[in-house]
Structures are given as structure tokens and as C-alpha cells.
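Residue numbers for the sequence shown follow this note's numbering, beginning at 1 and rising by one.
Here's the structure we're looking at; comments come further down.
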Amino acid sequence: MSKPALVSIIIPTFNRAHLIGETLDSVLAQTYPNWECIVVDDGSTDGTKKLINAYATKDDRFQYYKRPDSYLPGGNGARNYGFLKSKGIYIQWFDDDDVMLPEFLNKKVLTFNQNLEMVICSGSYVKNDLSHIKNIDVSLHTSLFKDYVLWRAEILTPSVLFRKSFLEGKVLFLNKIYRGQETEFFSRMFFKLSIEKFKVLNTPLFLYRQHETTKSTINKGYFPKFKYSQSYIYIHNFKRSIDLKDKDLINHCFQTLLVYFFASIKNKDSKTTDYIYKELSEILKSNYFKVYIMFKSVGNVLIFLKRSSYLVEKQFQDIRL
Numbered sequence: 001m002s003k004p005a006l007v008s009i010i011i012p013t014f015n016r017a018h019l020i021g022e023t024l025d026s027v028l029a030q031t032y033p034n035w036e037c038i039v040v041d042d043g044s045t046d047g048t049k050k051l052i053n054a055y056a057t058k059d060d061r062f063q064y065y066k067r068p069d070s071y072l073p074g075g076n077g078a079r080n081y082g083f084l085k086s087k088g089i090y091i092q093w094f095d096d097d098d099v100m101l102p103e104f105l106n107k108k109v110l111t112f113n114q115n116l117e118m119v120i121c122s123g124s125y126v127k128n129d130l131s132h133i134k135n136i137d138v139s140l141h142t143s144l145f146k147d148y149v150l151w152r153a154e155i156l157t158p159s160v161l162f163r164k165s166f167l168e169g170k171v172l173f174l175n176k177i178y179r180g181q182e183t184e185f186f187s188r189m190f191f192k193l194s195i196e197k198f199k200v201l202n203t204p205l206f207l208y209r210q211h212e213t214t215k216s217t218i219n220k221g222y223f224p225k226f227k228y229s230q231s232y233i234y235i236h237n238f239k240r241s242i243d244l245k246d247k248d249l250i251n252h253c254f255q256t257l258l259v260y261f262f263a264s265i266k267n268k269d270s271k272t273t274d275y276i277y278k279e280l281s282e283i284l285k286s287n288y289f290k291v292y293i294m295f296k297s298v299g300n301v302l303i304f305l306k307r308s309s310y311l312v313e314k315q316f317q318d319i320r321l
């Protein structure tokens, strides 16, 4: 009997020695035996290295790497370096605080056939103590790209098992993105992907931790680097939506960009303001000239005054392209 295909599990980590052990234990508990687990340390100052090396000593399927200086700090560089070191037929990126259920790899690998490039599964949102919150819905209603951008299909980092050959030669995770790294990456991977190239398993196969303190802090605050990253993602998805001629997507992206634009002015985030103003103006000029004239003139005034206007915002909220 031939040996099962090798799966490369890539886990970037940073100061998660108190959590990653649970993640690695769940890898050990997989019913699918042929895997390698590549942990890329993004500069931890806790006991991460010692912990991972203890696992590697007991089981050589675990590998510990320190992110080299040639890769920029952050999860993106660690994920990309892990891909470089991988030897598997399949690639599974995973987070250092999440947990695989025992059939996580097995069910996804067994679903693959020669035509598929990726298999997508569901999971469960859980609290820090792994108590259940709700299942993650990845069922599709239209297309993979559309349902993902509209967040009808809640596809997360652990959700997707890729065929490595599909990823080779492609730009992977962008270092310029500080928030929504997976959103940017998946948006590119899912765009115009034919239905014959992927399979969705709406079966919970992993536990996805939601850290309430971090989540509430991010939701309440305004972080310029995060907003710039999100604006970058929506600008490019706006272009893709126009290419698809999909009105739902076009207006979703347009309205979201307007929200980011007005918020950036209120928060004196000139970098994001200027970026959206320039990029959105160019897109509107080529495709929706009347709206371009309106946005260009009003936007210019708001930027000059360095403040937004409720009446202006309300007026733009009613626009449909």
C-alpha cells in the first residue's frame, strides 16, 4: 500500500508558549499520520523555543524554525517562510492558539481528488477555555469569492487545505498588510476559482479561539495601520467586483470604502484618507464618472477642512452604483 500524501502544517507563533502546547497536542492526536508540523517563531521572548524543541525531540515530525531576518517581522513573513521549508503535497496554515479535532486532516485529505486545488471545512468558535460559542458557517449561496467577501461564508485560516502546486509561483501573504492578512490572501486565491477546483465540508473540524479582550479593544479603537490594510483589501476587491460586474459586491465594497474614508478624516489618519481618495477616484473615473465628479469635489473639500460631515455621509450612503 502506498504511503499517504504528506501534509505540511505551518504554524507561525509569537509569545504563545502558554497556548501552543494545546495546539501541538491536537496535531499529535490526528488520525491522519503523515504530516510535518513546521513552527516558525516570529521572535518570541517567552519559553516558546524550549517548548517546541521538546515536542521535536519526542517526535521528529515537529520542526522549529526562527524566522530569518530576510523575512519581515509579523505573521505574514513567518507563514511565507514556513511554506518555503515545507515538503508536503498539501499545505495547511494553522494558528498557534487554535485546536484541530482528531479528523481535521483525515477528512480533508480524503476529500481531495485530482481536480481539486483546495478543501474548505467548518469549525467552531470557542472561548479561551474552549467552551463552545457557535459553529462556523461556510455554506455557499452564490460563488466562493462573493460569499467570502460578503462574509456569508466565514472562512478562516484553519479552514483551507491547499494543494501545494496550486500555491507555487503565487504571491502568498503580503507583508504590507497588518490586519486581514488572510482576507487579502484568500480574496486573491478565491477570485474566479471555478467550482470544480474546490470542495466545501460544512462539518466542524477545528476550534477557533476568540480572545474577547483583544477583540473588544480592536473593535472599540481606531488603529491607522489596520484601517489602511483594510482599505487596501477593499480597494482591490472593489476592482475585482467591477470585473465580475456583480452589483451586490460592487456596492458593498464601495460603501465600505466610504465608511473607511469618512472615518479616516475624523481620526486625522491622512495616509488612509489620501490612499482611498486617490485609488477610489481613479476607479470611479473609469467606471462611474458622475459619482467620480461628486466624490472628487466633495472629498477634496472635506480633506481641506480636515473634518467630515453627517449630511455628506448620509448623501453618499444613498448612492448605488
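Each residue gets a CB set at the ideal place from its N, CA and C atoms; glycine is no exception.
Quantities reported herein were computed from a predicted structural model and do not represent experimental measurements.
Query	Result
Three-state secondary structure assigned by DSSP to F190	helix
Proximal residues to N115 (C-beta, below 8 Å), its chain only, five neighbours per side dropped	E196 and K197
Straight-line gap, S139 to P4 (C-alpha atoms, nearest Å)	28 Å
Distance, F104 Cα to L162 Cα	Here residue 162 turns out to be Phe, not Leu, going by the sequence shown. One C-alpha to the other measures close to 14 Å.
Proximal residues to I265 (C-beta, below 8 Å), its chain only, five neighbours per side dropped	T273, L302, I303, K306, R307 and S308
C-beta contact flag for K134 and Q210 at 8 Å	no
Three-state secondary structure (DSSP) of P204	strand
V160 classed as buried or exposed, judged by whether at least 16 other C-beta atoms fall within 10 angstroms	buried
Pairwise C-alpha distance: F261 and G82	35 Å
Pairwise C-alpha distance: F295 and E282	11 Å
For Q230, the first and last residue of its enclosing alpha helix (DSSP H)	P224 to L244
Cβ separation of I19 and D96, assumed to be a contact under 8 Å, to the nearest whole Å	According to the sequence displayed, residue 19 carries Leu and not Ile. Their Cβ separation, rounded to whole angstroms, is 6 Å, which keeps L19 and D96 in contact under 8 Å.
Exposure of I120, with buried meaning 16 or more beta-carbon neighbours within 10 Å	buried
Spatial neighbours of T327 in its chain, beta-carbon cut-off 7 Å, leaving aside the 5 residues before and after	One cannot answer for residue 327 here, as it falls past the ends of the chain, which runs 1 to 321.
CB contact flag (T48, R79, <8 Å)	no
T45 - containing alpha helix (DSSP H), residue span	Per DSSP, T45 belongs to no alpha helix (DSSP H) and is neither H nor E.
Cβ pair Y71, Y125 closer than 8 Å	no
Endpoints, alpha helix (DSSP H) assigned at I6	It should be noted that the sequence gives Leu, not Ile, for residue 6. Element bounds for L6: n/a, residue is neither H nor E.
In chain order, each beta strand (DSSP E) run of at least 3 residues that lies wholly inside the region 64-110	90-93
Burial state of R320, where buried means 16 or more other Cβ atoms lie within 10 Å	exposed
Proximity winner among P158, Y148 and T256, relative to M100 (alpha-carbon distances)	P158
Unbroken beta strand (DSSP E) run spanning F162, endpoints	V160 to R163
N267, DSSP secondary structure in three states	coil
Contact set for D147: own chain, Cβ-Cβ below 7 Å, skip 5 residues either direction	L140, H141 and A153
CA-to-CA distance, I9 to L84, given in whole angstroms	12 Å
Per-residue burial, F289 [other beta carbons within 10 Å of its own, 16 or more giving buried]	exposed
Cβ distance (whole Å) where I235 is taken to contact L167 below 8 Å	Contact doesn't hold; Cβ gap of about 24 Å is too wide.
Cα-Cα separation, V171 to K245	25 Å
Test: S309 CB closer than 8 Å to a CB of chain C	Looking for chain C here will not work: only one protein chain is present.
Residues that S122 bridges to, as DSSP identifies them	P204
CA-to-CA distance, E36 to I52, given in whole angstroms	13 Å
Simplified DSSP assignment, three categories, for T57	helix
Spatial neighbours of L24 in its chain, beta-carbon cut-off 6 Å, leaving aside the 5 residues before and after	Y55
Supposed contact pair S122 and V149 - C-beta distance, whole angstroms, cut 8 Å	About 18 Å; that fails the 8 Å criterion.
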